[in-house]
Amino acid sequence: MTGTRDIPLPTADACAPVPVSARSEVAGTGASGGRTAPLLHVDNLTKHFPLKGGLLNRTQALVQAVDGVSFNVLTGETLGIVGESGCGKSTTARLMMHLIRPDGGTIAFDGRKVGAIEHGLSHRDLHRQMQMVFQDSYSSLNPRLPVVMSIAFGPFVHGLGRSAALKRAMELLQAVGLDPLLFANRYPHELSGGQRQRVNIARALALSPRIVILDEAVSALDKSVEAQVLNLLVDLKAQLDLTYVFISHDLNVVRYISDRVMVMYLGKVVEIGPVDRLYRDPRHPYTRALLSAMPSMNPRRRTVEAPLSGDPPNPIRPPSGCRFRTRCPFAEQVCEAVAPLLLAPPGDALRAVACHMSVPKSGHSRAVAAVSA
Amino acid sequence: MADAAVLSSDPALALKRAQQGQSYWRRVWQRLRDDKMTLAVIGVLALLLLMVIFAPWFTVHDPYVGSVLRRLKPIGTPGHWLGTDEVGRDLWSRMVYGGRLSLLAGVVPVFLALLIGGFLGILAGYVGGVLNSAIMRLTDVLYAFPSILLAIAITGILGAGLQNTILALTISFIPPIIRISESITTQVRHLDFVEAARASGAAPLTIMRYHILNNVLGPILVYATSLISICIILAAGLSFLGLGVTPPSAEWGLMLNNLRQALWVSPFVAALPGVMIFITSMCFNLMSDGLRQAMDVRL
Amino acid sequence: MWAYTFRRLLYAVPVLLGVSMLVFALIHLAPGDVVDILVPPEVPKEIADDLRRRFRLDEPIYVQYFAWLGRLLVGDLGISFFTNRPVGEELFGALGNTLILALPAAVLGFLLGILLGALAAYNHDSWLDKLFSATAIVGVSLPHYWVGIVLVAIFAVVFNVLPAQGMGLGGIPTSWEQLKHLILPVVTLSLIPMGVISRLVRANVLEILSQEFVGALHAKGLLSRRVLYHTLKNAAPSALALMGLQFGYLLGGSILVETVFNWPGSGGLMNLAIFRRDIPVLSGTIVVLAAIFVAINILVDVLQALIDPRMRR
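Respectively, the protein sequence lines represent chains G, D and X. Residue numbers for the first sequence follow numbering that gives the first Met the number 0, beginning at 0 and rising by one. Residue numbers for the second sequence follow numbering that gives the first Met the number 0, beginning at 0 and rising by one. Residue numbers for the third sequence follow numbering that gives the first Met the number 0, beginning at 0 and rising by one.
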């Protein structure tokens with residue numbers, strides 16, 4: 000596919016990446032051979048939404064939507080993010096794209112901190128590197144513009160001339176499987192959901208980003224269409240050398256498309272790891288519960304009891320210590336007192352779990368033994 | 000469904016339509032074309048406008064010249080088919096010429112309010128924050144007056160005349176337009192495609208131009224046209240109170256006031272100017288309704 | 000709930016201040032000043048200036064504003080240029096007369112409006128509904144002051160059954176003679192609220208009827224009357240809000256009808272004041288009417304919040 004990297008980049012982003020210090024808390028990063036430095040490094044991202052009310056409409060409480068989230072995205076991988084609704088996945092995505100301003104924490108792309116004065120990456124340049132596909136295919140497109148113009152908008156804004164931007168948009172339509180002659184001048188209401196989502200993908204690719212965040216991008220589609228779009232995404236990733244962050248609540252889809260998976264609960268990361276291992280051997284009780292809640296095709300593995308009890312607690316006043324303890328069958332005193340850190344369990348450097356049971360000598364009765372020698 | 004809109008018995012036409020795409024405004028235009036009632040109303044208004052502009056061609060008598068001998072002639076008098084007013088002027092001429100001022104005072108304030116109010120409202124809706132609060136609070140002060148009261152306050156204290164009337168009515172109509180512009184703009188601003196546009200790194204003015212305005216101006220325009228009928232009634236009402244256009248100008252509301260004494264003598268003649276106000280206002284109302292229906296395209 | 004009320008009240012203060020500033024600004028922009036009106040032009044300049052000093056017209060504008068505002072807050076609306084009586088006195092009586100018109104007009108307009116709107120909604124798509132829509136459009140396009148004139152033409156001039164003008168003996172009507180004076184103006188005034196309310200009620204009832212929970216209620220076997228009760232309960236909040244607003248308009252915007260019928264209400268007072276360039280009466284009336292309108296709005300908001308918990312922000 001020619002032409003995708005043809006946009007003359009207005010600002011040179013060929014800056015030598017500053018090597019990221021290997022923080023042991025965020026394990027499972029940079030360990031696979033060949034791709035060492037992570038493309039995206041998220042450190043301690045926090046966002047609290049204020050709730051107003053009362054006499055003078057002051058802030059009465061804070062919804063802790065995202066609280067100290069740290070992870071890496073490696074070059075060329077697909078990182079899946081899963082969790083229940085309200086766990087902070089979408090907020091995290093918007094924080095990564097800088098559509099919302101974080102209350103704390105930093106993001107570093109290719110070693111350059113976003114917003115930093117020295118050597119930093121401006122927001123405009125960040126947007127050139129990272130783009131997003133939203134869940135609602137219809138509201139993601141301007142109903143008054145033909146789809147080709149929606150796609151061409153990004154390049155046009157970044158300096159490409161009108162006709163060049165349109166030409167590029169037509170090429171992208173072709174790349175996502177829509178015949179440009181037939182679809183270019185159509186309006187969003189004249190397309191089906193799957194076609195619209197393809198347009199959204201084309202729009203996201205228009206600026207030749209290196210990372211594409213897919214926020215529940217296929218969740219609203221019919222299953223057959225969903226499969227087509229997923230395959231398209233896989234093809235595009237190979238062709239264009241992309242890196243994906245795939246947010247979804249559908250565990251099957253995530254398994255299909257991801258290399259690594261990150262599980263979130265109530266604004267915190269509870270587990271990260273390679274997809275197959277995580278699915279086969281989940282370490283965190285929440286992950287285990289999520290996975291066992293998946294209906295299985297195997298008649299010998301039936302769900303007998305609901306794996307999770309109770310309702311998700313209030314994100315305004317989350318439980319002290321480990322946030323999952325109110326629903327965890329293994330909760331103990333230490334879980335209430337100390338919040339577990341996201342650490343690699345002994346003997347498994349590619350994973351990270353935020354659970355006292357995976358940390359030797361944490362004080363939990365079921366804590367694993369340390370790997371000797 | 001999507002492709003159904005493209006289907007047609009003629010495959011060549013279908014292909015052409017599929018390639019062209021049907022923009023929102025084209026669909027509005029098509030719906031409008033099929034709406035016979037609204038087209039008729041627009042025709043009536045166009046005719047009215049023509050008559051009013053080219054008044055000398057449609058009237059025989061001078062609207063300012065009266066004759067004491069010919070006061071208050073009833074409808075059907077030869078030479079004055081709608082009768083004469085209390086000073087002997089031909090009523091038909093007065094009504095046609097009066098249309099100029101009445102329409103002017105009815106349409107111009109809404110147009111000006113659209114410009115000013117639309118600008119402020121869209122600005123408030125897009126920028127949000129303190130600017131939004133400031134503009135909306137100012138609007139609330141103006142909203143504290145029932146519309147007539149505000150117009151009367153301004154013309155009553157500052158004096159009568161066409162200029163003050165237009166000023167007063169413009170100010171009266173700015174608050175509702177600000178309110179609706181701000182409301183629509185705020186809604187649009189939070190839609191995903193605007194976020195996506197921001198995510199492309201576009202500057203606010205660019206986003207405004209390509210994504211906000213084309214989604215926002217339509218509904219605001221329709222709302223503004225619905226205000227015209229009210230403005231016509233209010234403008235005539237102001238003249239009726241003696242606060243609008245001053246004699247000896249011809250204007251429907253003013254005529255209504257002048258002819259009040261004549262009510263006892265010639266009740267039908269006295270009521271005639273009101274008929275014009277009613278018809279014009281109704282036409283604008285129907286037109287605005289038709290526009291709104293045409294634009295209410297289920298996407 | 001109380002927090003909301005408190006916030007709403009608190010919020011009214013800057014609005015009222017703004018209103019007062021607006022009226023004051025208008026007064027100051029008026030061509031000519033007090034002295035020019037009171038005093039013949041041949042008077043030598045020194046006497047005129049001395050008068051100005053006595054009226055404190057030479058002081059900076061914000062001083063004048065605060066002085067005026069201060070007087071306003073204690074209820075001193077000034078003295079009429081024309082009658083030399085305190086504005087408050089005249090206004091109080093006039094407001095009473097307007098209320099005599101506004102209350103029955105409101106009741107009539109609301110009741111008929113609800114009735115017609117509900118009827119139209121229940122008979123959706125029948126000829127009754129189409130008739131209603133046609134009438135609604137006509138109603139909104141009619142200048143109500145013209146309708147008043149037409150009614151006078153028909154009932155007073157042609158048929159001579161009802162009086163064309165005035166209040167008769169004044170005060171709250173106790174006899175049929177006095178009531179006769181009320182009929183035409185009340186009917187004229189009630190037209191606009193009737194039109195507005197009926198349209199809203201029809202739209203609301205239609206929307207509620209089409210919602211699924213009504214089907215659920217029918218399925219539960221509730222009688223139509225109970226369904227009606229539930230429907231009304233859901234339609235009530237916005238209808239009430241609009242009614243409050245319309246009542247405010249009736250009070251503040253009655254001037255046109257009062258002019259047609261020569262009714263000595265607040266509108267008639269304003270009319271006279273305009274004619275006589277009696278600025279204190281005019282500005283005092285405007286401020287009071289605006290304040291009443293703001294108060295009604297607050298009341299309406301609080302009532303709405305009481306009924307519909309979703310409104311409490």
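Backbone N, C-alpha and C define an ideal beta-carbon position, used for all residues, glycine too. This structure is a prediction, so every number in the text was calculated from the model and none was measured.
I'd like the span of the beta strand (DSSP E) that includes residue i, first residue to last.
i	result
D/Met254	Taken as a continuous stretch (DSSP letters only), D/Met254 belongs to no beta strand (DSSP E), being part of the alpha helix (DSSP H) at 251-257.
G/Pro273	267-273
Where DSSP assigns a beta bridge to residue i, which residues make up the other side?
i	result
G/Ile106	G/Val41
G/Gln130	G/Val211
G/Met263	G/Val268
X/Gln177	Bridge partners of X/Gln177: none, in fact.
G/Gly79	G/Phe245, G/Val260
G/Lys360	According to DSSP, which records beta bridges pairwise, G/Lys360 is partnered with nothing at all.
G/Lys112	G/Ala107
G/Phe70	G/Val41
G/Val352	G/Glu270, G/Leu342
G/Val65	G/Lys46
Where do the N-terminal and C-terminal ends of the alpha helix (DSSP H) with residue i fall, by residue?
i	result
D/Asn163	161-188
G/Thr242	Run containing G/Thr242: none in the alpha helix (DSSP H); it sits in the beta strand (DSSP E), 242-246.
G/Arg161	161-174
G/Arg202	192-204
G/Cys334	332-336
D/Ser302	Chain D is shown from 0 up to 298; residue 302 of chain D falls before or after that span and cannot be answered.
D/Trp24	23-33
X/Pro13	1-28
D/Gly97	90-126
D/Gly217	212-239
G/Ser373	Absent from the structure is residue 373 of chain G, since the part of chain G shown begins at 0 and ends at 372.
D/Val153	Here residue 153 of chain D turns out to be Ile, not Val, going by the sequence shown. Its alpha helix (DSSP H) spans residues 146-157.
D/Glu194	191-198
G/Asp234	222-239
For residue i, which of the options has the nearest alpha-carbon?
i	options	result
X/Gly267	X/Ser125, X/Met166, X/Phe131, X/Ala66	X/Met166
G/Gly266	G/Leu232, G/Phe323, G/Arg282, G/His283	G/Phe323
G/Leu61	G/Asp109, G/Leu241, G/Lys51, G/Phe70	G/Lys51
G/Val72	G/Leu38, G/Ala163, G/Leu94, G/Leu277	G/Leu38
X/Leu16	X/Leu199, X/Val286, X/Val200, X/Ile171	X/Val286
D/Thr138	D/Ile147, D/Ala123, D/Leu148	D/Ala123
G/Val252	G/Arg365, G/Leu213, G/Cys354	G/Leu213
D/Ser171	D/Gly105, D/Asp84, D/Arg25	D/Gly105
G/Leu289	G/Pro344, G/Glu83, G/Ser361, G/Val337	G/Glu83
G/Val333	G/Ser361, G/Gly346, G/Ile315, G/Leu342	G/Ser361
X/Val12	D/Trp24, D/Ala143, D/Leu113, D/Gln29	D/Ala143
G/Val373	G/Pro273, G/Ala351, G/Glu335, G/Arg143	Chain G is shown from 0 up to 372; residue 373 of chain G falls before or after that span and cannot be answered.
G/Leu206	G/His188, G/Ala164, G/Val228	G/Ala164
Starting from the beta carbon of residue i, find every residue of chain A whose beta carbon is closer than 7 angstroms, and list them in chain order.
i	result
D/Ser22	Protein chains in the displayed structure are G, D and X, and chain A is not among them.
* To do: Report the residues of the segment 192-224 of chain D with a CB closer than 7 angstroms to any CB of chain G, ordered along the chain.
  => Phe192, Glu194, Ala195, Ala196, Arg197, Ala198, Ser199, Gly200, Ala201, Thr205, Tyr209, His210, Asn213, Asn214
* Mind the definition here: the segment 283-295 of chain D touches the segment 20-38 of chain D only if three or more C-beta pairs lie below 8 angstroms; say whether that holds. => yes
* Could you tell me whether the segment 76-94 of chain D touches the segment 123-139 of chain D, using the rule of 3 or more Cβ pairs below 8 angstroms? => no
* Is the number of C-beta pairs between the segment 91-99 of chain D and the segment 146-157 of chain D that are closer than 8 angstroms three or more? -> no
* To do: Closer than 9 angstroms, Cβ to Cβ, to anything on chain X: give me those residues from the segment 121-143 of chain D, in chain order.
  => Arg136, Leu137, Asp139, Val140, Leu141, Tyr142, Ala143
* Report yes or no: do the segment 195-212 of chain D and the segment 246-259 of chain D share at least 3 C-beta pairs separated by less than 8 angstroms? => no
* To do: Could you name the residues of the segment 132-152 of chain X whose beta carbon sits closer than 9 angstroms to any beta carbon of chain D, in the order they occur along the chain?
  => Ile136, Val137, Val139, Ser140, Leu141, Pro142, His143, Tyr144, Trp145, Val146, Ile148, Val149, Val151, Ala152
* Asked: Counting pairs of Cβ atoms below 8 angstroms between the segment 131-148 of chain X and the segment 182-190 of chain X, do you hit three or more?
  -> yes
* Mind the definition here: the segment 104-122 of chain G touches the segment 147-156 of chain G only if three or more C-beta pairs lie below 8 angstroms; say whether that holds. => no
* Counting Cβ pairs closer than 8 angstroms, one from the segment 98-112 of chain X and one from the segment 245-255 of chain X, do we hit at least three? -> yes
* Asked: For the 8 angstroms Cβ check, are there 3 or more pairs between the segment 268-288 of chain X and the segment 68-88 of chain X?
  -> yes
* **Stretch-stretch touch, CB-based, cutoff 8 angstroms, three pairs: the segment 228-239 of chain G with the segment 257-264 of chain G** => no
* Asked: On the three-pair Cβ rule with 8 angstroms, is the segment 160-177 of chain D touching the segment 110-127 of chain G?
  -> no
* Of the residues that make up the segment 229-258 of chain X, which ones have a beta carbon closer than 7 angstroms to any beta carbon in chain D? -> Gly247, Tyr248, Gly251, Gly252, Ile254, Leu255, Thr258
* Asked: Given a limit of 9 angstroms on CB to CB distance, which residues of the segment 265-285 of chain D reach chain X?
  -> Pro266, Phe267, Ala269, Ala270, Pro272, Gly273, Val274, Ile276, Phe277, Ile278, Thr279, Ser280, Met281, Cys282, Phe283, Asn284, Leu285
* Does the segment 224-244 of chain X touch the segment 281-300 of chain X, meaning 3 or more C-beta pairs lie closer than 8 angstroms? -> yes
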